[in-house]
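Enquirer: Below you will find the structure I want to go over with you.
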Amino acid sequence: MTVTDAPLRAYDPVSVSPVSFWAKTAEEREESFKILRAERPLSWHPPLEGGLMPPENDGVWVATSHELITEISKHPEIFCSGEGFQFEEVPEDILTAAGSFLGMDAPQHGRMRKLVSAAFTPKQVAKIHAQIKDQSARIVDGLLAQKEGDFVAQVSKKLPMWTIYEMVGLEDDARREEAAHHADGMVSWADEEVAAGREPGEVLTDSLVSLLMLGMDLAAERRAHPKADLWTNLVEVEVDGAKLTDEEIGSFFVLLSVAGNDTTRNSISLTMRALQQFPDQKQLLLDDYDGRIVTAIEEFVRWVSPVMTFRRTATQDTVLGGHDIKAGEWVAMVYSSGNRDERAFDRPELFDITRNPNPHVGFGGGGPHYCMGNFVAKMQLRELFDQLLHRAPTLQLGEPSYLTGNFVRAVKSMPYSL
Ligand code: HEM
Numbered sequence: 001m002t003v004t005d006a007p008l009r010a011y012d013p014v015s016v017s018p019v020s021f022w023a024k025t026a027e028e029r030e031e032s033f034k035i036l037r038a039e040r041p042l043s044w045h046p047p048l049e050g051g052l053m054p055p056e057n058d059g060v061w062v063a064t065s066h067e068l069i070t071e072i073s074k075h076p077e078i079f080c081s082g083e084g085f086q087f088e089e090v091p092e093d094i095l096t097a098a099g100s101f102l103g104m105d106a107p108q109h110g111r112m113r114k115l116v117s118a119a120f121t122p123k124q125v126a127k128i129h130a131q132i133k134d135q136s137a138r139i140v141d142g143l144l145a146q147k148e149g150d151f152v153a154q155v156s157k158k159l160p161m162w163t164i165y166e167m168v169g170l171e172d173d174a175r176r177e178e179a180a181h182h183a184d185g186m187v188s189w190a191d192e193e194v195a196a197g198r199e200p201g202e203v204l205t206d207s208l209v210s211l212l213m214l215g216m217d218l219a220a221e222r223r224a225h226p227k228a229d230l231w232t233n234l235v236e237v238e239v240d241g242a243k244l245t246d247e248e249i250g251s252f253f254v255l256l257s258v259a260g261n262d263t264t265r266n267s268i269s270l271t272m273r274a275l276q277q278f279p280d281q282k283q284l285l286l287d288d289y290d291g292r293i294v295t296a297i298e299e300f301v302r303w304v305s306p307v308m309t310f311r312r313t314a315t316q317d318t319v320l321g322g323h324d325i326k327a328g329e330w331v332a333m334v335y336s337s338g339n340r341d342e343r344a345f346d347r348p349e350l351f352d353i354t355r356n357p358n359p360h361v362g363f364g365g366g367g368p369h370y371c372m373g374n375f376v377a378k379m380q381l382r383e384l385f386d387q388l389l390h391r392a393p394t395l396q397l398g399e400p401s402y403l404t405g406n407f408v409r410a411v412k413s414m415p416y417s418l
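By UniProt numbering, the letter at position 161 of the sequence shown is numbered 161, and the numbering carries on one by one without gaps.
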């Protein structure tokens with residue numbers, strides 16, 4: 001979609017576009033978002049620096065308030081996902097292959113989401129719960145066996161990857177490692193250390209093609225030899241006479257690998273750090289784990305905001321936050337800012353595990369794309385923190401090393417000792 005007769009506007013003086021902005025810590029970025037939320041909750045910015053291709057537009061709207069994020073999310077007919085969902089320009093073929101139904105609008109989005117939901121049966125979810133509990137105990141066994149190391153590698157990385165590929169039915173460890181490695185590539189191509197001298201586009205394409213192939217190969221295997229797993233359900237499931245194609249299943253594998261890995265991984269790392277920074281909150285949780293964990297998990301997700309941004313495109317001329325938006329213009333939502341909004345949360349700068357109500361936008365601002373895996377993520381956090389807090393009481397974390405990027409708030413490594 002091209003934007004016609006877009007007016008010339010001044011860019012906001014508080015810029016969020018440079019790579020250097022997204023190389024700062026979340027606390028440093030919050031200083032800028034705080035100003036924007038208070039004074040200009042919808043602001044106009046130059047296209048983001050460091051994208052895979054030169055920008056085709058001359059700016060992007062950035063929504064930083066809780067109110068605007070929910071308004072945008074709940075009006076997909078005005079703010080659509082089918083024209084891309086990343087803050088920066090991404091080649092169209094990559095978007096289609098990587099986005100699955102995250103990058104679709106009605107009616108295709110509803111059809112795909114319905115088909116996939118039909119494959120996540122209650123029986124499957126119950127089965128995975130018992131396995132997540134068991135796997136969390138094993139991960140903490142491994143942690144306790146090694147007095148010091150990297151918490152991300154030893155703990156945070158393990159459970160999300162294990163859960164996703166267990167659900168999917170990806171069996172051997174080598175293929176799981178390969179998939180998780182490429183899932184990382186999908187979100188970290190902008191990081192110089194990860195790219196290690198390769199072109200960012202090369203890292204992304206390599207990861208994307210590898211994941212697509214893994215998903216499609218697995219679909220072919222399950223068609224030939226069905227098993228009791230999600231991938232078998234996906235190749236067999238039928239809604240209103242329609243089945244998923246191999247390309248659709250491959251693309252969903254990419255979406256699951258990305259959506260289900262980094263998000264929960266970083267929630268684990270940064271929640272563990274928050275519990276260390278706020279020892280009174282840790283004690284409160286330990287005093288009544290079963291009674292407080294459900295409420296606490298909402299605060300974990302608000303506090304960490306592992307998915308920092310998503311974008312929509314205006315389908316028509318409209319008015320948002322008092323500004324005239326032209327059809328085709330981009331509107332980015334900063335969830336991490338919405339989750340610190342003083343108008344939606346009392347003392348948002350405090351990590352409060354008893355916060356209730358907690359209308360955070362960590363899983364999205366509502367609407368049709370609301371995180372489909374939120375219940376799986378919550379199961380993982382519940383079982384893993386049960387193990388960590390009760391069995392590793394002397395755990396100490398050092399300073400995290402962060403990934404540079406505007407999408408996922410990611411910790412590359414974080415030292416621990418027992
Ligand atoms: C704490 C962990 C997680 C966070 C913070 C998170 C966050 C999000 C967000 C912000 C969205 C977009 C919402 C929107 O556009 O309105 C999303 C979508 C999605 N998430 Fe999650 N997610 C998490 C874990 C997971 C897990 C574990 C899975 C898979 C098992 C998953 C699967 C998905 C899928 C499939 C979508 C696309 C839904 C759609 O477009 O209809 N997520 N998630």
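Note that beta-carbon positions come from the ideal geometry of N, C-alpha and C, so glycine has one too.
#1: Can you grab the Cα-Cα spacing for the pair Glu92 / Leu115, in whole Å?
#2: Is there at least one non-hydrogen atom of the ligand HEM closer than 7 Å to the beta-carbon of Tyr370?
#3: The ligand HEM heavy atoms versus the CB of Thr263: any closer than 7 Å?
#4: Could you tell me which residues DSSP pairs with Met333 in its beta bridges?
#5: Using only alpha-carbon positions, find the residue among Thr315, Val60 and Asp191 that is nearest to Gly405.
#6: Comparing alpha-carbon positions, which option in Ser65, Gln283 and Leu214 lies nearest Gly250?
#7: Mapping DSSP to helix, strand and coil, what is Leu418?
#8: According to DSSP, simplified to helix, strand and coil, what is Asp12?
#9: Establish whether the CB of Ala180 and some CB of chain C are separated by less than 8 Å.
#10: Just verifying my parser: in three-state terms, what is the DSSP assignment at Ser73?
#11: Kindly indicate the opening and closing residues of the alpha helix (DSSP H) around Leu389.
#12: State yes or no: is the C-beta of Arg29 nearer than 7 Å to some heavy atom of the ligand HEM?
#13: Cβ of Ile94 within 7 Å of any heavy atom in the ligand HEM?
#14: With three or more C-beta pairs closer than 8 Å as the rule, is the segment 193-207 touching the segment 224-238?
#15: Assign Thr394 to buried or exposed, taking buried as 16 or more other Cβ atoms, counted over all protein chains shown, within 10 Å of its Cβ.
#16: Does the count of Cβ pairs from the segment 350-367 and the segment 237-255 closer than 8 Å reach three?
#17: In terms of residue numbering, what span does the alpha helix (DSSP H) encompassing Ser210 cover?
#18: Residues in its own chain within less than 7 Å of His109 by CB, not counting five upstream and five downstream?
#19: Cα separation between Gly273 and Gln146?
#20: Confirm the yes/no value for this check: CB of Ser269, any heavy atom of the ligand HEM, distance under 7 Å.
#21: Return the CA-CA distance between Val376 and Ala10, expressed in angstroms with no decimal places.
#22: How about Met308 and Val408: are their beta carbons less than 8 Å apart?
#23: I'd like the list of long-range same chain contacts for Val237, defined as Cβ closer than 6 Å, with 5 residues on each side in sequence excluded.
#24: In whole angstroms, what separates the C-alpha of residue 419 from that of Ser413?
#25: Who are Ala242's beta bridge partners in DSSP?
#26: Secondary structure at Thr96, three-state DSSP: helix, strand or coil?
#27: Please state if the CB of Val140 and the CB of Ala392 are separated by a distance shorter than 8 Å.
#28: Assign Leu354 to one of two classes, buried (16 or more other C-beta atoms within 10 Å of its C-beta) or exposed (fewer than that).
#29: Do Thr313 and Cys80 count as a contact pair if the criterion is CB distance below 8 Å?
#30: Is the closest heavy atom of the ligand HEM to the C-beta of Val62 under 7 Å?
#31: Quick one: is the Cβ of Val376 within less than 7 Å of any heavy atom of the ligand HEM?
#32: DSSP three-state label for Val152, please.
Expert: Answer, in terms of the structure:
#1: Position 92 of the sequence shown, counting from 1, holds the residue named residue 92. Position 115 of the sequence shown, counting from 1, holds the residue named residue 115. Looking at the two C-alpha atoms, the distance is approximately 24 Å.
#2: Position 370 of the sequence shown holds residue 370. At least one heavy atom of the ligand HEM is nearer than 7 Å to the Cβ of Tyr370, so yes.
#3: Here residue 263 is taken as the residue at index 263 of the sequence shown, counted from 1. Thr263: yes, Cβ under 7 Å from the ligand HEM.
#4: In the sequence shown, counting from the first residue as 1, residue 333 sits at position 333. DSSP output for Met333 lists Ala63 and Phe310 as bridge partner(s).
#5: For this step, residue 405 is matched to residue 405 along the sequence shown. It is Asp191 whose Cα lies nearest to the Cα of Gly405.
#6: Reading the sequence shown from its first residue, position 250 is the one you call residue 250. The option with the nearest alpha carbon to Gly250 is Leu214.
#7: Taking the sequence shown and counting its residues from 1, the one referred to as residue 418 is at position 418. Here Leu418 sits in coil by DSSP.
#8: Taking the first residue of the sequence shown as 1, we reach residue 12 at position 12. The DSSP-derived three-state label of Asp12 is coil.
#9: The structure shown contains no chain C; it is built from a single protein chain.
#10: Position 73 of the sequence shown holds residue 73. In the three-state scheme derived from DSSP, where H, G and I count as helix and E and B as strand, Ser73 is classed as helix.
#11: Working through the sequence shown from its first residue, we reach residue 389 at position 389. Here the alpha helix (DSSP H) through Leu389 covers Asn374 to Arg391.
#12: Taking the first residue of the sequence shown as 1, we reach residue 29 at position 29. Incorrect: Arg29 has no Cβ contact closer than 7 Å to the ligand HEM.
#13: In the sequence shown, residue 94 corresponds to position 94, counting from 1. No; taking the cut-off as 7 Å, the Cβ of Ile94 has no heavy atom of the ligand HEM nearer than that.
#14: Cβ pair count under 8 Å is below three, so no.
#15: By one-based count along the sequence shown, residue 394 stands at place 394. So Thr394 counts as exposed.
#16: No: fewer than three Cβ pairs fall under 8 Å.
#17: The count along the sequence shown starts at 1 and reaches residue 210 at position 210. Boundaries of the alpha helix (DSSP H) harbouring Ser210: Pro200 to Ala224, taken from the DSSP string.
#18: Taking the sequence shown and counting its residues from 1, the one referred to as residue 109 is at position 109. Answer for His109: Phe101 and Pro368, listed in chain order.
#19: Locating residue 273 in the sequence shown gives position 273, where the first residue counts as 1. Locating residue 146 in the sequence shown gives position 146, where the first residue counts as 1. Here residue 273 turns out to be Arg, not Gly, going by the sequence shown. Roughly 19 Å between the two C-alpha positions.
#20: Reading the sequence shown from its first residue, position 269 is the one you call residue 269. False, no ligand heavy atom lies under 7 Å from that Cβ.
#21: To locate residue 376, count along the sequence shown from 1; it is residue 376. To locate residue 10, count along the sequence shown from 1; it is residue 10. Val376 and Ala10: Cα-Cα distance of roughly 43 Å.
#22: Within the sequence shown, residue 308 is the residue found at index 308, counting from 1. Within the sequence shown, residue 408 is the residue found at index 408, counting from 1. Against a cut-off of 8 Å, the Cβ pair of Val408 and Met308 comes out as a contact.
#23: Taking the sequence shown and counting its residues from 1, the one referred to as residue 237 is at position 237. Closer than 6 Å at Cβ, skipping near neighbours: Leu115, Ala118 and Ala119.
#24: With the chain running from 1 to 418 in the structure shown, residue 419 is simply not present.
#25: Taking the sequence shown and counting its residues from 1, one reaches residue 242 at position 242. Partner(s): Val239.
#26: On the sequence shown, position 96 is the one that residue 96 refers to. Correct three-state label for Thr96: helix.
#27: The count along the sequence shown starts at 1 and reaches residue 392 at position 392. The count along the sequence shown starts at 1 and reaches residue 140 at position 140. By the CB criterion at 8 Å, Ala392 and Val140 fall inside the cutoff.
#28: For this step, residue 354 is matched to residue 354 along the sequence shown. It is worth fixing the name first, because residue 354 is Thr in this sequence and not Leu. Looking at its Cβ environment, which holds fewer than 16 other Cβ atoms inside 10 Å, Thr354 is exposed.
#29: For the purposes of this step, residue 80 is taken as residue 80 along the sequence shown, with counting starting at 1. For the purposes of this step, residue 313 is taken as residue 313 along the sequence shown, with counting starting at 1. Contact: yes.
#30: Position 62 of the sequence shown holds residue 62. Answer for Val62: no, Cβ out of range of the ligand HEM.
#31: The sequence position of residue 376 within the sequence shown is 376, counting from 1. Shortest gap from the CB of Val376 to any heavy atom of the ligand HEM: under 7 Å.
#32: On the sequence shown, residue 152 is found 152 positions in, with the first residue counted as 1. Val152 falls in the helix class under three-state DSSP.
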